[in-house]
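First residue of the sequence shown: 542, per the working numbering; consecutive thereafter.
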Amino acid sequence: FFWRAAARPSCLRAAASRPSRLRSYHELPPSRFLQVSEEVRDAVATGKPVVALETTIYTHGFPYPDNVALASLLESVVRTNGGVPATVGILGGVARVGLSADELIEVAATAETKSALKVSRRDLGYICGLGMAGKRIHGGTTISGTMVLSHLAGIKIFGTGGLGGVHRGGETSMDISADLTELGRTPVTVISSGCKSFLDIPRTLEYLETEGVCVGTFADGREGPVDFPGFFTRESGVRSPRVIQDEAEAAAIVYAQSKLQLSSGIHFANPVPLEYSIPKADMDRIIEEALRLADAEGYRGSDNTPFVLAKIKELSGGSSLPANRALVESNVKRATKVAVELAKLEQ
Ligand code: PSU
Ligand code: MN
Numbered sequence: 542f543f544w545r546a547a548a549r550p551s552c553l554r555a556a557a558s559r560p561s562r563l564r565s566y567h568e569l570p571p572s573r574f575l576q577v578s579e580e581v582r583d584a585v586a587t588g589k590p591v592v593a594l595e596t597t598i599y600t601h602g603f604p605y606p607d608n609v610a611l612a613s614l615l616e617s618v619v620r621t622n623g624g625v626p627a628t629v630g631i632l633g634g635v636a637r638v639g640l641s642a643d644e645l646i647e648v649a650a651t652a653e654t655k656s657a658l659k660v661s662r663r664d665l666g667y668i669c670g671l672g673m674a675g676k677r678i679h680g681g682t683t684i685s686g687t688m689v690l691s692h693l694a695g696i697k698i699f700g701t702g703g704l705g706g707v708h709r710g711g712e713t714s715m716d717i718s719a720d721l722t723e724l725g726r727t728p729v730t731v732i733s734s735g736c737k738s739f740l741d742i743p744r745t746l747e748y749l750e751t752e753g754v755c756v757g758t759f760a761d762g763r764e765g766p767v768d769f770p771g772f773f774t775r776e777s778g779v780r781s782p783r784v785i786q787d788e789a790e791a792a793a794i795v796y797a798q799s800k801l802q803l804s805s806g807i808h809f810a811n812p813v814p815l816e817y818s819i820p821k822a823d824m825d826r827i828i829e830e831a832l833r834l835a836d837a838e839g840y841r842g843s844d845n846t847p848f849v850l851a852k853i854k855e856l857s858g859g860s861s862l863p864a865n866r867a868l869v870e871s872n873v874k875r876a877t878k879v880a881v882e883l884a885k886l887e888q
């Protein structure tokens, strides 16, 4: 028994006619749980440089409506640098890759009421399952959640602000961000400004090594070893495991790793632009105080990072916001350039 082509279900027919190098989502039938926008689908299928963007940064990081302004800025940074943006999030209990402008506003507006869920890998089945059951919750996807969905949609490059890590005291609390295990198991390249120093940066890098994650920092002509950046500061006091000079080198590493069929991800750290960096001593004081308050007020688990980030913002008198915006913008620009170089290699 065999199907004639015309008699096959349409999803299989469509899959058969797509280029063979596409795997993952393209071989799956359309899903009620995951929807990829037509623009993103088409861009992936035709080998255009697509850049994923996360939404926890909007639902749990920036206030509304600043977060909407940031979201549209980041999407236009991708477009003006020759890429196609794919903002990832959960809209009404459905995972979405490529939110429209209106949909993005709907997700970002939840920052006011704090009504969106922070969604990492563990939460994806929960929020989409409840969506099917009629509870249509919105969710901001973390780096981990965004990587999972990006990979399902065939996207390889993802630009964002800061990476989660091993928390200070993580050796007893075991609070280790799911971003790190995700990088160990999902072949997506994340470009960020490294880890905020409220985390334990040396242990974070150790953990990433154990997970098999290549970590390289953009040196942009700097000679010799460079530090892994500490988000607001270009130096963290911890040396970056690897150094890369530019986007072409970065893309070559992504390309090699995918040809070797390594299933792990990559992290490229892009230090904050010099003019926006905040002196380490100033930041250290603010961070100590934010951590003390988180501990005193009992913010643990997945609530810890958003609380500490909000306190840092508050204690810095809002002066961290422009730095934050500038570094995300710079990371997304870098991510797009890496995606453009990668698309050339894949032609
Ligand atoms: N660090 C930042 N800014 C952020 C985050 C981390 O400097 O917005 C967000 C990202 O979405 C990241 C998540 O994936 O927090 C990590 O949360 P946790 O530490 O609970 O894993
Ligand atoms: Mn955690």
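Ideal Cβ positions, reconstructed from N, Cα and C, are used throughout, including at glycine.
{"Check": "Gly588 beta carbon near the ligand PSU (any heavy atom closer than 6 Å)", "Outcome": "no"}
{"Check": "Segment contact flag, the region 709 to 727 with the region 776 to 786, C-beta cutoff 8 Å, min 3 pairs", "Outcome": "no"}
{"Check": "Rounded straight-line distance, which links the Cα of Ser734 to that of Pro863", "Outcome": "14 Å"}
{"Check": "Cβ shell of Val577 (< 7 Å), same chain only, five flanking positions each side left out", "Outcome": "Tyr566, Val638, Gly639, Ala694"}
{"Check": "With 16 other Cβ atoms within 10 Å as the buried cut-off, status of Lys737", "Outcome": "buried"}
{"Check": "Beta-carbon gap between Tyr817 and Ala867 smaller than 7 Å", "Outcome": "yes"}
{"Check": "Own chain residues within Cβ distance below 8 Å of Asp787, not counting five before or after", "Outcome": "Phe759, Asp761"}
{"Check": "Delimiting residues of the beta strand (DSSP E) encompassing Asp809", "Outcome": "Reading off the sequence shown, one finds Phe at residue 809, where the question assumed Asp. Counting along the chain, the beta strand (DSSP E) containing Phe809 begins and ends at 807 to 810."}
{"Check": "Residue range of the beta strand (DSSP E) that includes Leu658", "Outcome": "658 to 660"}
{"Check": "Short Cβ contact (7 Å threshold) for Arg876 with Ile646", "Outcome": "The identity of residue 876 in the sequence shown is Ala, whereas the question assumes Arg. No, the pair does not count as a contact, with Cβ atoms beyond the cut-off."}
{"Check": "N- and C-terminal bounds of the alpha helix (DSSP H) containing Val585", "Outcome": "579 to 586"}
{"Check": "Asp716 beta carbon near the ligand MN (any heavy atom closer than 6 Å)", "Outcome": "yes"}
{"Check": "Rounded separation between Ala791 and Gly675 - CA only", "Outcome": "43 Å"}
{"Check": "Cβ-Cβ separation, Ser714 to Val754 (assumed contact under 8 Å), whole Å", "Outcome": "Actually they are not in contact, since the Cβ atoms of Val754 and Ser714 sit about 22 Å apart, beyond 8 Å."}
{"Check": "CB-CB length for Phe848 against Ala835, believed under 8 Å", "Outcome": "5 Å"}
{"Check": "For Gln888, the three-state DSSP class (helix, strand or coil)", "Outcome": "coil"}
{"Check": "DSSP-derived helix/strand/coil call for Thr758", "Outcome": "strand"}
{"Check": "Contact under 7 Å by Cβ, Thr687 with Glu595", "Outcome": "yes"}
{"Check": "Spatial distance of Leu832 from Glu580 (CA atoms)", "Outcome": "42 Å"}
{"Check": "beta-carbon Leu668 near the ligand PSU non-hydrogen atom, thresh 6 Å", "Outcome": "For clarity, residue 668 is Ile in the given sequence; the question names Leu instead. Outside the cutoff, so no."}
{"Check": "Contact test: Ser860 Cβ vs the ligand PSU heavy atom, cutoff 6 Å", "Outcome": "no"}
{"Check": "Backbone secondary structure at Arg780 - three-state DSSP", "Outcome": "strand"}
{"Check": "Contiguous beta strand (DSSP E) assignments of at least 3 residues, all confined to the region 657 to 743", "Outcome": "658 to 660, 680 to 682, 698 to 700, 730 to 733"}
{"Check": "Residues sharing a beta bridge with Asp768, DSSP", "Outcome": "Arg780"}
{"Check": "Three-state secondary structure assigned by DSSP to Ala837", "Outcome": "helix"}
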